[in-house]
Amino acid sequence: GLPTTLARKLDVTSPPDWRYMVSISRAHARSRLEMYPIPLNQRLPRCRIPLRMADDDVVLDLPAVFNRCYDVGGYDLLVDYTQTPPVTLSDREAEWLARWLLEKGLRTTAA
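In this text, residue positions in the sequence shown follow this note's numbering: the first is 94, and each later residue adds one.
Here is the structure:
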């Protein structure tokens with residue numbers, strides 16, 4: 094789908110191969126963003142989440158949230174990992190994904 098990030102109009106160049114973006118802004122400074130560009134082959138980050146100005150940030154452990162949702166959401170039954178993904182991947186991403194799926198036992202051969 095279309096990007097749904099506050100940073101969508103910014104030219105993010107590092108890392109050059111980012112596929113996902115987490116953008117966080119504070120209520121008192123909406124135009125200042127903390128951005129977490131994420132390439133497909135990198136682990137999701139832990140992100141600082143602002144609360145009120147007087148409070149310290151809390152840390153959102155995105156890998157833990159993602160893993161929990163995957164584990165209880167039945168995605169292992171919904172996703173057929175033997176098929177090519179429904180999105181276009183670069184050659185580098187496709188090669189990485191094929192290796193990763195083989196390592197995890199989700200494919201027996203490269204797609």
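From the three backbone atoms N, C-alpha and C, an ideal C-beta is built for every residue, glycine too.
In the DSSP assignment, R161 is bridged to no other residue.
Leaving aside the five residues that flank L137 on each side, the residues in its chain whose CB is nearer than 7 Å to its CB run, in chain order, I131, L155, P156, F159. Every beta strand (DSSP E) of 3 residues or more that sits fully in the region 140–202 is shown, in chain order, as 151–154. Residue range 111–119 is occupied by the beta strand (DSSP E) that includes S116.
Just so you know, the alpha carbons of Y174 and P108 end up roughly 27 Å apart. A residue is called buried when at least 16 other Cβ atoms come within 10 angstroms of its Cβ; L190 meets this threshold and is buried. Beta-bridge annotation (DSSP): L126 is paired with S118.
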